[in-house]
Amino acid sequence: QQQQQQHLSQRQPQKVVLRPSGPARMAVFASSRDHCLNDLIDKCRGGDLPVQISYVVSNYLRTEENSHVYRALSRLNVPYHYVQCGKGRLREEWEANIRSIIQQKDGTVAAETTVSAPPPPPSARDNSNNNQTDFIVLARFMQILSPEFLSWYAPRPIINIHHGLLPSFKGSNPYRQAFDAGVKLIGATAHFVTDELDEGPIIEQRATCVSHRDSVRDVRIKSETLEANALHDAVRYVAENRVARVGGRTIVFT
Amino acid sequence: MSKRKSMAEDSATMEVAATSTTAAAATSAAGGGGAGDEQTPAKKIATIRIEGPDSKGIVAAFAQLLYGHGCNIIDAEQHTDVELKRFFQRIVFDYGSMHTDRVSLSNGIGEVCSRFTMTHDIDWGETRKKICIMVSKYDHVIWELLLRHKAGELPCDVALIISNHEDLRTVADHFNIRYEVFKITKATKREQEDKEIELMKSLGVDLVVLARYMQIITDEFCQAYKHAVINIHHSFLPAFIGAKPYHRAHARGVKLVGATAHYATETLDEGPIIEQDVARISHRHTVDDLLAKGRVLEREILVRAVLAHLEDRIIVYENKCVVFGS
């Protein structure tokens, strides 16, 4: 046994992010489309997803008066942070705003630690303050986060849902791209965000048939269900620690 | 000798997949005969495809025309692209007891079409289409085509198999089909293709099926058989155009792999998509596993696409396909 201990201590310590036991905590970023955010709220609230939404960040102003999603969030005591993005605003500016929200909510970023160290004690689990997040979910958040932001939040992952079947139809308006290409199946891709847009390791994909009868609007309607499904599956895999990133790919233990 | 049906000319945006009709009198019923053809009169079932700018009255005009000549509409399916204001229709009708004749009906169709500035393509259902299958060394797709054909699922005659290798001659022999080898090198490709085209035209080939034929065909070849060359590409297009798509799909870590049947055009793997499908994969699957799953998809997708073409269910426009009955 002594030999074993020696051997272990001589090994290179592995960098691992440990999170306290209990349900995973995520921050959800969204823009104006409701469907993925709505789906995550429903799934988390019902316990179907073993995740807590710590807070929501959005560049779309939802209010008590105009949004049932806002009302659902406030009933659940999940803070909704409106951050103005785009429209000539410098990315540095609004990213700084988002970072300060994250810092205020999270406290410190998760520390790197060696495998042999004991896990840190669980932190408080209320939804209002000091809620460190384990990952961020971009639930149809239509702004592009900078590589600096990604490395600042790292090593915690950021999951995105792209409304196209990668590697086809990267970038904007994949519905229109798919329609113009005349494909017979459309779909959505949940993936980890990396520095290059829509190039990160794929976690889950979902597809459905379309035909010449489907307009761009029909493509959107069919796609929205797929986006919500691919995303909540990907969130579950990550929350349940089922996902390993190997090279540019993922291993998903199911 | 078959003649290509002439279309009213139109801009490059309108293409109707080419079929040929024969000027000669009807010989056999469409879809192959069985025993006792002398007893029952040959069924006279025609298929017409129409395309043009959308306007009121098109459906009514054609329905009235066919009824007026004593035809019975068996199947009619239409589609309107609302954005482009373009109308597409496929009508299958029985002209077996028409009280006029084919010539006057043809004239009537021409007249209605020009009234609405539509183009049309009609197959009178008298002759089976003739296909040529082109293959290299991978044999899974050609086996599928030939077995499904033997089972009577593909309403055509396989006039010829062309390959750039000797290897698959035994497959052709098994099905009693003529097999010709045309070796291809960079220098000889165009010349060989011209010989291939000449041979196919002399045999009355309407449709060329690239069944994992591994040579890239030239623009001239595509032009000779415009929207009459169906290729099977072993990826879910437009992802992974070109060579080794499964290797690249594996490297990318996609969770779905697919196959795509499309008309071959001047741009590699970018022609109008006829049919596609996908299969789920996971991290457990090696490239060989992807290839195996892909083979299953390729077989099925190409057969579906060829069948759609043979049944005149496809209209090509804006580099996409309307596929009726799908």
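Chains A and B are the protein sequences, given in the same order. All residue numbers for the first sequence refer to this note's numbering, where the first residue is 1 and numbers rise by one. All residue numbers for the second sequence refer to this note's numbering, where the first residue is 255 and numbers rise by one. For each residue, glycine too, the CB sits at the ideal point set by N, CA and C.
Span of the beta strand (DSSP E) holding glutamine 530 of chain B? 527-534
Quick one: measure Cβ to Cβ for valine 265 of chain A and isoleucine 203 of chain A, integer angstroms, because I've assumed they're closer than 8 Å. Missing from the structure shown is residue 265 of chain A; chain A here goes from 1 to 254 and no further.
Do glycine 548 of chain B and histidine 488 of chain B have their C-beta atoms within less than 9 Å of each other? yes
In whole angstroms, what is the alpha-carbon distance linking serine 58 of chain A and alanine 190 of chain A? 19 Å
Relative to the alpha-carbon of histidine 81 of chain A, which residue among A:Gln177, A:His232, A:Ala230, A:Val28 has its alpha-carbon at the smallest distance? A:Val28
Within 9 Å of any Cβ in chain A, is that where the Cβ of cysteine 476 of chain B sits? no
Measure from the alpha carbon of isoleucine 555 of chain B to the alpha carbon of each residue in B:Gly507, B:Asn485, B:Ser417, then state which is nearest. B:Asn485
What in chain B is Cβ-close to threonine 250 of chain A, meaning under 8 Å? Gly507, His537
If you check the beta carbons only, do alanine 503 of chain B and phenylalanine 494 of chain B fall under 9 Å apart? yes
Please tell me whether proline 174 of chain A and glycine 248 of chain A are closer than 9 Å, where the distance is taken between their beta carbons. no
Could you compute how far the alpha carbon of arginine 466 of chain B sits from the alpha carbon of glutamate 199 of chain A? 30 Å
Residues within the stretch 206-231 of chain A neighbouring chain B, beta-carbon criterion of under 7 Å: Ala207, Ser211, His212, Arg213, Ser215
When DSSP labels each residue in this structure, what does valine 570 of chain B get in the three-state scheme? strand
Isoleucine 527 of chain B: which of B:Ala513, B:Arg538, B:Ile535, B:His537 sits nearest, CA to CA? B:Ala513
Contact criterion: CB-CB distance below 9 Å. Does glycine 182 of chain A meet it with respect to chain B? yes
Assuming leucine 561 of chain B and arginine 534 of chain B form a contact by the criterion Cβ under 8 Å, report the distance between their Cβ atoms to the nearest whole angstrom. That belief does not hold up - the Cβ atoms of leucine 561 of chain B and arginine 534 of chain B are roughly 25 Å apart, past 8 Å.
Glutamate 552 of chain B CB to nearest chain A CB: under 9 Å? no
List the residues that DSSP assigns as beta-bridge partners of lysine 391 of chain B. DSSP lists no partner for lysine 391 of chain B.
Using three-state DSSP, classify phenylalanine 341 of chain B as helix, strand or coil. strand
Would you give the residue range spanned by the beta strand (DSSP E) that isoleucine 202 of chain A belongs to? 202-209
Any C-beta of chain A under 9 Å from that of valine 523 of chain B: Looking at the sequence itself, residue 523 of chain B is aspartate, so the reference to valine does not match. By this cut-off, aspartate 523 of chain B is not an interface position.
What is the DSSP secondary structure of glycine 322 of chain B, reduced to helix, strand or coil? helix
What does isoleucine 202 of chain A reach in chain B if we use C-beta pairs closer than 8 Å? Arg506, Gly507, Val508, Lys509
Minimum length 4: unbroken alpha helix (DSSP H) runs contained in the stretch 78-112 of chain A: 91-106
Cβ-Cβ separation, aspartate 411 of chain B to arginine 631 of chain B (assumed contact under 8 Å), whole Å: There is simply no residue 631 of chain B to check, as chain B begins at 255 and stops at 580 in what is shown.
Whole alpha helix (DSSP H) elements within the stretch 485-521 of chain B, 4-residue minimum: 499-506
For threonine 301 of chain B, which residues does DSSP report across the bridge? B:Val346, B:Asp377
Using only the alpha-carbon positions, how far apart do lysine 105 of chain A and asparagine 77 of chain A sit? 13 Å
Span of the beta strand (DSSP E), counted from its first residue to its last, around aspartate 475 of chain B: One point to set straight first is that residue 475 of chain B is phenylalanine, not aspartate, in the sequence displayed. Taken as a continuous stretch (DSSP letters only), phenylalanine 475 of chain B belongs to no beta strand (DSSP E), being part of the alpha helix (DSSP H) at 473-478.
Just checking, does the stretch 393-405 of chain B make contact with the stretch 472-480 of chain B on the three C-beta pairs under 8 Å criterion? no
Tell whether a beta-carbon distance below 9 Å holds between glycine 182 of chain A and cysteine 575 of chain B. yes
According to DSSP, simplified to helix, strand and coil, what is isoleucine 555 of chain B? helix
Please list, in chain order, the chain A residues whose beta carbon lies closer than 8 Å to that of glutamate 529 of chain B. Lys184
Selected residue, minimal CA-CA separation from tyrosine 433 of chain B, among B:Ile299, B:Leu422, B:Tyr517: B:Leu422
For alanine 27 of chain A, three-class secondary structure by DSSP: strand
Chain A residues whose Cβ lies nearer than 7 Å to that of aspartate 573 of chain B: The residue you asked about is not aspartate; residue 573 of chain B is asparagine in the sequence shown. Result: Gly182.
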